[in-house]
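K.L.:
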Amino acid sequence: MRLTRYFLPVLKETPAEAQIVSHRLMLRAGMIKQAAAGIYSWLPLGYRVLRNVERIVHEEQQRAGHIPLLMPTLQSADLWRESGRYDDYGEEMLRIKDRHGRDMLYGPTNEELITDIFRANVGSYKDLPLTLYHIQWKFRDEMRPRFGVMRGREFLMKDGYNFDLTKEDALHAYNRHLVSYLRTYERMGLQAIPMRADSGPIGGDYTHEFLVLAETGESEVFYDSQITELKFGNREIDYDDVAQCQAVLEEFTSRYARTDETHDEAVFNDLPQDRRRVARGIEVGQIFYFGTIYSDAMAATVTNDKGEKVPVHMGSHGIGVSRLLGAIIEASHDDRGIIWPEGVTPFHVGIVNLKQGDAEADKACEDLYKALTAKGLDPLYDDREERAGAKFATMDLIGLPWRITVGPRGLKNGVVELTSRRTGESEELSPELAVARVAEIYLDI
Ligand code: 5CA
955 MRLTRYFLPV LKETPAEAQI VSHRLMLRAG MIKQAAAGIY SWLPLGYRVL RNVERIVHEE
1015 QQRAGHIPLL MPTLQSADLW RESGRYDDYG EEMLRIKDRH GRDMLYGPTN EELITDIFRA
1075 NVGSYKDLPL TLYHIQWKFR DEMRPRFGVM RGREFLMKDG YNFDLTKEDA LHAYNRHLVS
1135 YLRTYERMGL QAIPMRADSG PIGGDYTHEF LVLAETGESE VFYDSQITEL KFGNREIDYD
1195 DVAQCQAVLE EFTSRYARTD ETHDEAVFND LPQDRRRVAR GIEVGQIFYF GTIYSDAMAA
1255 TVTNDKGEKV PVHMGSHGIG VSRLLGAIIE ASHDDRGIIW PEGVTPFHVG IVNLKQGDAE
1315 ADKACEDLYK ALTAKGLDPL YDDREERAGA KFATMDLIGL PWRITVGPRG LKNGVVELTS
1375 RRTGESEELS PELAVARVAE IYLDI
């Protein structure tokens, strides 16, 4: 993409309404624009990152054997009356009447709709296990939408639902989700710690929230510092292997890590003093096993191998896709702007032409652009007639992890400069080597 042909409305001023750094940077970098309280338009740069986050979520869900579909945002109230949640959900639910006076709602979550799809189509234990998921907009009329996309009213969520014959099978699905989430967040450059939590309006006894530690997080968390040393990394996982998934769950949940809702001071105080941590975290996902709550209420049954009709065991598993952008920025920025992890960056590399209009510099940039594109990379070429300082400031603000700087002086010696946004370290090398280096960085990502 050439910057002169792109739509990147960066702001010079720091917007007064934004209280936390990720919100400020998303506005300043021209990623989002508020449309109404807690409702945002995703401008091209923000939309690119959102799509990348979504892509990683899709890839990891499908790696775990979960099947994508797409349910609507608007739902009929009838299903929610069946489950008993139409009244329970309260003011957070946006209720709508259609022209025939029928009660509709903008879905805050999809347990009812998916259970309805399931019961209409699945009747035998032979069709289980089954996990269906989608990535779709949700609406919750939050009392205090704030912090930009972090607590929106309209927000993008991945929500997945498992259907299993027995509790044991459903707990394997729970573990599978936990494992796939660890991988998902790490691919986005995040450490998200599974913590024991409260199930709230979803119901059920088994639930973990995934929290990214950040001062601006809305949840208070208590944990054993040893947990932050755990890395999932590039492990080979067989998602059908019950013991393997269980072992990962145990590894990542056996140390103390809880939100304030489940915090137990006495247990916490048993930890050695120097390992006790009290901090704040951003909840980027939550998994639940809730048994047969919905299948009982909505008569979602299958026939087992004895020919008996039994309710299916279910769980639901959410990832805050749009919230993740805020969480990633909270975890990865400096005073000049965002620092995107390679996994989600909107463009792989920026090209800064220090002397636009100089025939040699222009040609070198064009050549680099073509060579990078030919390698399957997406460069952003700053081809504006602007001072070098302004170009660097824009690149730093929008946070591309790598920058290639091209100027007449370097070109005389046959070199360009490759700079890491994270470390600020630069290296002079030939344009060909710079392309090869960037391609290599993204090879495994
Ligand atoms: N049905 C279940 C799981 S599919 C569910 O709704 N879970 S949830 O309520 O925990 O939401 C899942 C994730 O969505 C949360 O972990 C959080 O990351 C994100 N989320 C929830 N509310 C908001 C909000 N108002 N703005 C942005 N993201 C949100």
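Be aware that the sequence shown starts at 955, since it is given in my numbering, and climbs by one per residue. Even glycine gets a Cβ: it sits at the ideal position worked out from N, Cα and C.
So I1021 and T1085 are in contact, right, with Cβ under 8 Å, and what is the actual spacing, rounded?
P.N.:
Reading the sequence shown from its first residue, position 67 is the one you call residue 1021. Reading the sequence shown from its first residue, position 131 is the one you call residue 1085. About 7 Å; that satisfies the 8 Å criterion.
K.L.:
Between which two residues does the beta strand (DSSP E) carrying S1374 extend?
P.N.:
Reading the sequence shown from its first residue, position 420 is the one you call residue 1374. It spans 1370-1374 - the beta strand (DSSP E) in which S1374 sits, taken as one unbroken run.
K.L.:
Is it the case that the Cβ atoms of E1163 and M1149 are separated by a distance below 8 Å?
P.N.:
The residue given as residue 1163 occupies position 209 in the sequence shown. The residue given as residue 1149 occupies position 195 in the sequence shown. Taking 8 Å as the Cβ cut-off, E1163 and M1149 qualify as a contacting pair.
K.L.:
Alpha carbon to alpha carbon, what distance is there between E1371 and E1096?
P.N.:
Here residue 1096 is taken as the residue at index 142 of the sequence shown, counted from 1. Here residue 1371 is taken as the residue at index 417 of the sequence shown, counted from 1. Taking the straight line joining both Cα atoms gives about 47 Å.
K.L.:
Give me the DSSP bridge partner(s) of Y1177.
P.N.:
For the purposes of this step, residue 1177 is taken as the residue at position 223 of the sequence shown. Partner(s): A1211, R1231.
K.L.:
Determine whether the beta carbon atoms of D1118 and V1264 lie at a separation below 8 Å.
P.N.:
Stepping through the sequence shown from its first residue, residue 1118 is reached at position 164. Stepping through the sequence shown from its first residue, residue 1264 is reached at position 310. In this structure, V1264 does not lie closer than 8 Å to D1118 by Cβ.
K.L.:
Could you pull out every residue in the same chain whose Cβ sits closer than 7 Å to the Cβ of T1377, ignoring the five residues on either side in sequence?
P.N.:
What you label residue 1377 is simply residue 423 of the sequence shown in a count that begins at 1. Result list for T1377: empty, nothing under 7 Å.
K.L.:
Take Y1001 as the anchor and find which of F1301, P1333, E1340 has the nearest alpha-carbon.
P.N.:
By one-based count along the sequence shown, residue 1001 stands at place 47. Of the candidates F1301, P1333, E1340, the one whose C-alpha sits nearest the C-alpha of Y1001 is F1301.
K.L.:
Taking the beta carbon of S1276 as the centre, do at least 16 other beta carbons fall within 10 Å, making it buried, or is it exposed?
P.N.:
Within the sequence shown, residue 1276 is the residue found at index 322, counting from 1. S1276 should be labelled buried.
K.L.:
Using DSSP with H/G/I as helix, E/B as strand and the rest coil, what is D1288?
P.N.:
Within the sequence shown, numbered from 1, the residue matching residue 1288 stands at position 334. Three-state result, D1288: strand.
K.L.:
Report yes if the C-beta of E1045 is less than 7 Å from at least one heavy atom of ligand 1; otherwise report no.
P.N.:
The count along the sequence shown starts at 1 and reaches residue 1045 at position 91. No, since every heavy atom of ligand 1 falls outside the 7 Å radius drawn around the Cβ of E1045.
K.L.:
The beta strand (DSSP E) spanning N1116 covers which residue range?
P.N.:
For the purposes of this step, residue 1116 is identified with residue 162 of the sequence shown, where counting begins at 1. From DSSP, the beta strand (DSSP E) with N1116 extends over 1108-1118.
K.L.:
Note down the Cα distance separating G984 from L1004, rounded to an integer number of angstroms.
P.N.:
Here residue 984 corresponds to residue number 30 of the sequence shown, with the count starting at 1. Here residue 1004 corresponds to residue number 50 of the sequence shown, with the count starting at 1. Approximately 13 Å between the Cα atoms of the pair.
K.L.:
Taking 7 Å as the line, does the beta carbon of E1096 fall inside it for any heavy atom of ligand 1?
P.N.:
Position 142 of the sequence shown holds residue 1096. Indeed, a heavy atom of ligand 1 lies less than 7 Å from the Cβ.
K.L.:
Relative to the C-alpha of F1222, which residue among D1057, K1324, F1176 is closest?
P.N.:
As a first step, residue 1222 must be located in the sequence shown, where it is residue number 268. Out of D1057, K1324, F1176, F1176 has the C-alpha closest to the C-alpha of F1222.
K.L.:
Here's the rule I'm using: 16 or more other beta-carbon atoms within 10 Å means buried, otherwise exposed. How should E1108 be labelled?
P.N.:
Translated into the one-based positions of the sequence shown, residue 1108 becomes position 154. Buried is the call here.
K.L.:
Does the Cβ-Cβ distance between L1383 and L957 come in under 8 Å?
P.N.:
Within the sequence shown, numbered from 1, the residue matching residue 1383 stands at position 429. Within the sequence shown, numbered from 1, the residue matching residue 957 stands at position 3. Contact flag unset, no.
K.L.:
Going by beta carbon distance, what residues of the same chain come within less than 7 Å of Q988, once the five residues before and after it are set aside?
P.N.:
Within the sequence shown, residue 988 is the residue found at index 34, counting from 1. Excluding sequence neighbours, Q988 sits near Y994.
K.L.:
Where does the unbroken beta strand (DSSP E) through R1035 begin, and where does it stop?
P.N.:
For this step, residue 1035 is matched to residue 81 along the sequence shown. Careful: R1035 lies outside any beta strand (DSSP E), inside the alpha helix (DSSP H) at 1031-1037.
K.L.:
For T1257, name the three-state secondary structure that DSSP assigns.
P.N.:
Looking up residue 1257 in the sequence shown gives position 303. Looking at T1257 - three-state DSSP - the assignment turns out to be strand.
K.L.:
Does the beta-carbon of D1336 have 16 or more other beta-carbons within 10 angstroms, so that it is buried, or is it exposed?
P.N.:
Taking the sequence shown and counting its residues from 1, the one referred to as residue 1336 is at position 382. So D1336 ends up on the buried side.
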